[in-house]
Amino acid sequence: MRKALIIIGKSVLALLSVSGVALLAFEGWLVWHYEYGLGLPSEDRLAAMSSTGPACTTDVGRTYVPLAEVPPLLRKAAIASEQLDFYEAWSLNPIVEIALATGAGRRPRAGGITQSVGRCLLSLSPEGRQQIDPIGSLFFMQRVTRSLSRDRILEIYLNESYFGRGAYGVAAGAEVYFGKRLAELDIDEVAFITARARQPYPSRNFDTRSRDFVIDRMLTAGLISEAEAASSKSRPLLLNDKPPSGQNTPVEQ
7 MRKALIIIGK
17 SVLALLSVSG
27 VALLAFEGWL
37 VWHYEYGLGL
47 PSEDRLAAMS
57 STGPACTTDV
67 GRTYVPLAEV
77 PPLLRKAAIA
87 SEQLDFYEAW
97 SLNPIVEIAL
107 ATGAGRRPRA
117 GGITQSVGRC
127 LLSLSPEGRQ
137 QIDPIGSLFF
147 MQRVTRSLSR
157 DRILEIYLNE
167 SYFGRGAYGV
177 AAGAEVYFGK
187 RLAELDIDEV
197 AFITARARQP
207 YPSRNFDTRS
217 RDFVIDRMLT
227 AGLISEAEAA
237 SSKSRPLLLN
247 DKPPSGQNTP
257 VEQ
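Following my numbering, the numbering of the sequence shown begins with 7 at its first residue and continues without gaps.
Written out as C-alpha coordinates, the structure reads:
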(Lines of atoms letter the chains of each structure in order from A; the text may use other names.)
(Lines give C-alpha, C1' and ligand atoms only; values in the text may rest on other atoms or scores of the structure.)
Protein backbone atom coordinates (compact mmCIF):
# COMPACT_ATOMS: atom_id res chain seq x y z
CA MET A 7 0.00 0.00 0.00
CA ARG A 8 2.79 2.37 0.93
CA LYS A 9 4.63 1.60 -2.28
CA ALA A 10 1.49 2.37 -4.32
CA LEU A 11 1.04 5.70 -2.53
CA ILE A 12 4.66 6.63 -3.28
CA ILE A 13 4.19 5.80 -6.96
CA ILE A 14 0.96 7.84 -7.09
CA GLY A 15 2.66 10.76 -5.33
CA LYS A 16 5.57 10.72 -7.76
CA SER A 17 3.18 10.56 -10.70
CA VAL A 18 1.23 13.56 -9.40
CA LEU A 19 4.44 15.53 -8.88
CA ALA A 20 5.59 14.65 -12.38
CA LEU A 21 2.28 15.79 -13.84
CA LEU A 22 2.43 19.03 -11.86
CA SER A 23 5.98 19.63 -13.05
CA VAL A 24 5.02 19.03 -16.67
CA SER A 25 1.98 21.26 -16.27
CA GLY A 26 4.11 23.97 -14.69
CA VAL A 27 6.64 23.85 -17.51
CA ALA A 28 3.83 23.93 -20.08
CA LEU A 29 2.23 26.90 -18.32
CA LEU A 30 5.52 28.81 -18.22
CA ALA A 31 6.09 28.04 -21.88
CA PHE A 32 2.59 29.27 -22.75
CA GLU A 33 3.09 32.45 -20.72
CA GLY A 34 6.41 33.00 -22.46
CA TRP A 35 4.75 32.56 -25.85
CA LEU A 36 2.01 35.03 -24.88
CA VAL A 37 4.57 37.65 -23.88
CA TRP A 38 6.61 37.11 -27.05
CA HIS A 39 3.53 37.09 -29.27
CA TYR A 40 2.03 40.29 -27.93
CA GLU A 41 5.26 42.15 -27.27
CA TYR A 42 7.12 41.20 -30.45
CA GLY A 43 5.19 38.80 -32.66
CA LEU A 44 2.55 41.30 -33.79
CA GLY A 45 5.10 43.73 -35.19
CA LEU A 46 3.69 46.65 -33.20
CA PRO A 47 5.76 49.81 -32.65
CA SER A 48 8.52 49.03 -30.15
CA GLU A 49 9.31 50.91 -26.95
CA ASP A 50 12.46 52.26 -28.56
CA ARG A 51 10.47 53.60 -31.51
CA LEU A 52 7.90 55.21 -29.24
CA ALA A 53 10.52 56.70 -26.93
CA ALA A 54 12.42 58.09 -29.94
CA MET A 55 9.46 60.17 -31.07
CA SER A 56 9.77 63.94 -30.81
CA SER A 57 8.69 65.36 -27.46
CA THR A 58 6.05 67.39 -29.27
CA GLY A 59 4.40 67.53 -32.67
CA PRO A 60 2.34 65.01 -34.70
CA ALA A 61 2.77 61.38 -33.68
CA CYS A 62 0.19 59.36 -35.61
CA THR A 63 0.01 61.20 -38.91
CA THR A 64 2.23 62.88 -41.49
CA ASP A 65 -0.60 65.07 -42.79
CA VAL A 66 1.03 68.52 -42.88
CA GLY A 67 -2.35 70.15 -43.40
CA ARG A 68 -3.56 69.43 -39.87
CA THR A 69 -3.31 72.07 -37.16
CA TYR A 70 -1.16 70.98 -34.22
CA VAL A 71 -1.05 72.85 -30.91
CA PRO A 72 1.69 72.09 -28.32
CA LEU A 73 0.27 71.17 -24.93
CA ALA A 74 1.56 74.38 -23.32
CA GLU A 75 -0.56 76.39 -25.77
CA VAL A 76 -3.79 74.51 -25.10
CA PRO A 77 -5.89 76.53 -22.60
CA PRO A 78 -5.65 74.99 -19.11
CA LEU A 79 -9.45 74.70 -18.81
CA LEU A 80 -9.63 72.59 -21.97
CA ARG A 81 -6.79 70.32 -20.83
CA LYS A 82 -8.40 69.84 -17.43
CA ALA A 83 -11.87 69.34 -18.91
CA ALA A 84 -10.55 66.47 -21.05
CA ILE A 85 -9.00 64.84 -17.99
CA ALA A 86 -12.13 65.36 -15.85
CA SER A 87 -14.26 63.83 -18.58
CA GLU A 88 -12.11 60.91 -19.64
CA GLN A 89 -9.54 59.94 -16.99
CA LEU A 90 -9.90 61.89 -13.77
CA ASP A 91 -6.69 60.63 -12.11
CA PHE A 92 -4.61 60.85 -15.30
CA TYR A 93 -1.74 62.68 -13.57
CA GLU A 94 -2.24 61.47 -10.00
CA ALA A 95 -2.47 57.70 -10.56
CA TRP A 96 0.87 55.98 -9.97
CA SER A 97 0.28 53.85 -13.03
CA LEU A 98 -1.64 54.31 -16.29
CA ASN A 99 -1.08 50.65 -17.10
CA PRO A 100 -4.53 49.16 -17.82
CA ILE A 101 -3.40 45.71 -16.67
CA VAL A 102 -2.35 47.15 -13.30
CA GLU A 103 -5.66 49.04 -13.06
CA ILE A 104 -7.66 45.85 -13.69
CA ALA A 105 -5.66 44.01 -10.99
CA LEU A 106 -6.07 46.86 -8.48
CA ALA A 107 -9.79 47.12 -9.20
CA THR A 108 -10.25 43.37 -8.75
CA GLY A 109 -8.36 43.43 -5.44
CA ALA A 110 -10.36 46.41 -4.18
CA GLY A 111 -13.70 44.97 -5.31
CA ARG A 112 -14.47 47.86 -7.66
CA ARG A 113 -14.85 48.37 -11.38
CA PRO A 114 -11.72 49.41 -13.34
CA ARG A 115 -11.54 53.17 -13.86
CA ALA A 116 -11.90 54.42 -17.39
CA GLY A 117 -8.67 55.02 -19.30
CA GLY A 118 -10.09 56.83 -22.28
CA ILE A 119 -7.09 59.09 -22.92
CA THR A 120 -4.57 56.25 -22.78
CA GLN A 121 -6.76 53.92 -24.82
CA SER A 122 -7.38 56.54 -27.49
CA VAL A 123 -3.67 57.34 -27.84
CA GLY A 124 -2.85 53.63 -27.97
CA ARG A 125 -5.23 53.15 -30.90
CA CYS A 126 -3.75 56.21 -32.58
CA LEU A 127 -0.15 55.00 -32.26
CA LEU A 128 -1.01 51.57 -33.65
CA SER A 129 -1.07 53.27 -37.04
CA LEU A 130 2.72 53.69 -36.89
CA SER A 131 3.23 50.19 -38.29
CA PRO A 132 1.42 48.34 -41.12
CA GLU A 133 0.73 45.45 -38.76
CA GLY A 134 -0.78 47.81 -36.23
CA ARG A 135 -3.36 48.97 -38.70
CA GLN A 136 -4.85 45.50 -38.63
CA GLN A 137 -7.42 44.59 -35.99
CA ILE A 138 -5.77 43.22 -32.86
CA ASP A 139 -7.51 41.46 -30.01
CA PRO A 140 -8.19 43.07 -26.59
CA ILE A 141 -5.17 41.40 -24.97
CA GLY A 142 -2.93 42.79 -27.70
CA SER A 143 -4.40 46.24 -27.12
CA LEU A 144 -3.63 45.99 -23.39
CA PHE A 145 -0.04 44.95 -24.06
CA PHE A 146 0.44 47.84 -26.45
CA MET A 147 -1.10 50.39 -24.08
CA GLN A 148 1.29 49.12 -21.41
CA ARG A 149 4.14 49.79 -23.83
CA VAL A 150 2.85 53.30 -24.53
CA THR A 151 2.67 54.22 -20.84
CA ARG A 152 6.21 52.96 -20.30
CA SER A 153 7.57 54.94 -23.22
CA LEU A 154 5.83 58.32 -23.13
CA SER A 155 5.32 60.97 -20.48
CA ARG A 156 1.80 61.85 -19.40
CA ASP A 157 2.14 65.31 -20.91
CA ARG A 158 3.05 63.73 -24.25
CA ILE A 159 0.14 61.28 -24.08
CA LEU A 160 -2.30 64.11 -23.32
CA GLU A 161 -0.88 66.28 -26.12
CA ILE A 162 -1.34 63.47 -28.66
CA TYR A 163 -4.89 62.89 -27.40
CA LEU A 164 -5.86 66.55 -27.75
CA ASN A 165 -4.31 66.92 -31.19
CA GLU A 166 -4.98 63.63 -32.96
CA SER A 167 -8.38 62.50 -31.71
CA TYR A 168 -11.21 62.77 -34.21
CA PHE A 169 -13.84 65.39 -33.37
CA GLY A 170 -16.24 64.95 -36.27
CA ARG A 171 -16.79 67.12 -39.36
CA GLY A 172 -13.40 66.08 -40.67
CA ALA A 173 -11.64 67.75 -37.73
CA TYR A 174 -8.65 66.13 -36.01
CA GLY A 175 -7.53 67.86 -32.83
CA VAL A 176 -9.08 70.44 -30.54
CA ALA A 177 -7.94 73.43 -32.60
CA ALA A 178 -9.63 72.11 -35.74
CA GLY A 179 -12.71 71.22 -33.69
CA ALA A 180 -12.98 74.75 -32.31
CA GLU A 181 -12.75 76.15 -35.83
CA VAL A 182 -15.28 73.88 -37.57
CA TYR A 183 -17.89 74.01 -34.81
CA PHE A 184 -17.57 77.59 -33.57
CA GLY A 185 -15.24 79.47 -35.92
CA LYS A 186 -13.04 80.31 -32.92
CA ARG A 187 -9.49 79.89 -31.71
CA LEU A 188 -8.98 77.74 -28.62
CA ALA A 189 -8.36 80.76 -26.39
CA GLU A 190 -11.73 82.24 -27.41
CA LEU A 191 -13.90 79.27 -26.37
CA ASP A 192 -16.46 79.78 -23.61
CA ILE A 193 -17.06 77.14 -20.93
CA ASP A 194 -19.98 75.52 -22.75
CA GLU A 195 -17.95 75.41 -25.97
CA VAL A 196 -15.00 73.82 -24.17
CA ALA A 197 -17.39 71.18 -22.84
CA PHE A 198 -18.88 70.58 -26.28
CA ILE A 199 -15.45 70.16 -27.92
CA THR A 200 -14.35 67.83 -25.12
CA ALA A 201 -17.43 65.66 -25.59
CA ARG A 202 -16.80 65.33 -29.32
CA ALA A 203 -13.64 63.29 -28.74
CA ARG A 204 -15.83 60.65 -27.09
CA GLN A 205 -18.72 60.93 -29.56
CA PRO A 206 -17.62 62.52 -32.85
CA TYR A 207 -20.75 61.31 -34.67
CA PRO A 208 -23.27 62.39 -35.82
CA SER A 209 -21.76 65.46 -37.42
CA ARG A 210 -24.90 67.68 -37.58
CA ASN A 211 -27.76 66.68 -35.30
CA PHE A 212 -26.39 67.37 -31.83
CA ASP A 213 -28.17 67.88 -28.54
CA THR A 214 -26.86 69.32 -25.31
CA ARG A 215 -26.72 66.12 -23.23
CA SER A 216 -23.10 65.24 -23.91
CA ARG A 217 -22.07 68.88 -23.45
CA ASP A 218 -23.90 69.08 -20.12
CA PHE A 219 -22.33 65.79 -18.99
CA VAL A 220 -18.87 67.33 -19.40
CA ILE A 221 -19.99 70.52 -17.65
CA ASP A 222 -21.07 68.39 -14.69
CA ARG A 223 -17.68 66.67 -14.69
CA MET A 224 -15.95 70.05 -14.76
CA LEU A 225 -18.05 71.20 -11.80
CA THR A 226 -17.31 68.04 -9.80
CA ALA A 227 -13.59 68.46 -10.48
CA GLY A 228 -13.73 72.05 -9.18
CA LEU A 229 -12.84 73.61 -12.54
CA ILE A 230 -15.92 75.86 -12.60
CA SER A 231 -18.42 77.21 -10.08
CA GLU A 232 -22.04 76.17 -9.73
CA ALA A 233 -23.10 79.53 -11.19
CA GLU A 234 -20.83 79.03 -14.20
CA ALA A 235 -22.15 75.50 -14.70
CA ALA A 236 -25.78 76.64 -14.60
CA SER A 237 -25.10 79.54 -16.94
CA SER A 238 -23.20 77.33 -19.38
CA LYS A 239 -25.98 74.73 -19.48
CA SER A 240 -28.59 77.40 -20.17
CA ARG A 241 -26.80 78.73 -23.24
CA PRO A 242 -28.20 77.64 -26.62
CA LEU A 243 -25.91 75.45 -28.67
CA LEU A 244 -24.78 77.64 -31.58
CA LEU A 245 -22.76 75.76 -34.18
CA ASN A 246 -21.31 76.83 -37.48
CA ASP A 247 -23.40 75.52 -40.32
CA LYS A 248 -21.63 74.43 -43.48
CA PRO A 249 -23.78 75.07 -46.56
CA PRO A 250 -22.66 73.79 -49.98
CA SER A 251 -21.23 77.23 -50.83
CA GLY A 252 -18.65 76.72 -48.10
CA GLN A 253 -19.79 79.82 -46.20
CA ASN A 254 -20.16 79.33 -42.47
CA THR A 255 -23.46 80.50 -41.00
CA PRO A 256 -24.22 80.15 -37.26
CA VAL A 257 -27.17 77.89 -36.66
CA GLU A 258 -28.86 76.98 -33.40
CA GLN A 259 -29.03 73.22 -32.79
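Heads up, the beta-carbon is just placed ideally off N, CA and C, and yes, glycines get one too.
* Would you kindly work out how many angstroms separate the C-alpha atoms of L144 and N165, rounded to a whole number? => For the purposes of this step, residue 144 is identified with residue 138 of the sequence shown, where counting begins at 1. For the purposes of this step, residue 165 is identified with residue 159 of the sequence shown, where counting begins at 1. Going by C-alpha positions, L144 is about 22 Å away from N165.
* To do: Please say whether L243 and R202 have beta carbons closer to each other than 9 Å?
  => For the purposes of this step, residue 202 is identified with residue 196 of the sequence shown, where counting begins at 1. For the purposes of this step, residue 243 is identified with residue 237 of the sequence shown, where counting begins at 1. Cβ distance not < 9 Å, so R202 and L243 don't count as in contact.
* To do: Have a look at P256 and T200 and give me their C-alpha separation to the nearest angstrom.
  => Taking the sequence shown and counting its residues from 1, the one referred to as residue 256 is at position 250. Taking the sequence shown and counting its residues from 1, the one referred to as residue 200 is at position 194. Note on P256: pLDDT 42, under 50, position unreliable in the model; no value is reported.
* Completely contained alpha helix (DSSP H) runs for the segment 159–235, where each covers 4 or more residues -> Counting only runs that start and end inside the segment 159–235, the alpha helix (DSSP H) elements of at least 4 residues fall at 176–184, 193–204, 215–226.
* Within 10 angstroms of its Cβ, does D194 collect 16 or more other Cβ (buried), or is it exposed? -> Translated into the one-based positions of the sequence shown, residue 194 becomes position 188. By the neighbour-count definition (other C-beta atoms within 10 Å, threshold 16), D194 is a buried residue.
* **Contact test: A197 Cβ vs the ligand NAD heavy atom, cutoff 8 Å** => Looking for the ligand NAD in the displayed structure turns up nothing, as the structure carries no ligands at all.
* Considering only the beta carbon of each residue, do S87 and R204 sit closer than 9 Å? -> Position 81 of the sequence shown, counted from the start, is the residue given in the question as residue 87. Position 198 of the sequence shown, counted from the start, is the residue given in the question as residue 204. Contact flag set, yes.
* So is E161 buried or exposed if we call it buried at 16+ other beta carbons inside 10 Å? -> Taking the first residue of the sequence shown as 1, we reach residue 161 at position 155. When all chains shown are included, E161 counts as buried.
* To do: Provide the residue span of the alpha helix (DSSP H) that contains S122, from first to last.
  => Within the sequence shown, numbered from 1, the residue matching residue 122 stands at position 116. Per DSSP, S122 belongs to the alpha helix (DSSP H) from 118–127.
* Measuring only between beta-carbons, confirm whether L160 sits less than 9 Å from chain B. => Of the protein chains in this structure there is only one, and it is not chain B.
* Reduced DSSP category for S48 - H, G, I as helix; E, B as strand; rest coil -> Numbered from 1 along the sequence shown, position 42 holds the residue referred to as residue 48. If DSSP states are grouped into helix, strand and coil, S48 belongs with coil.
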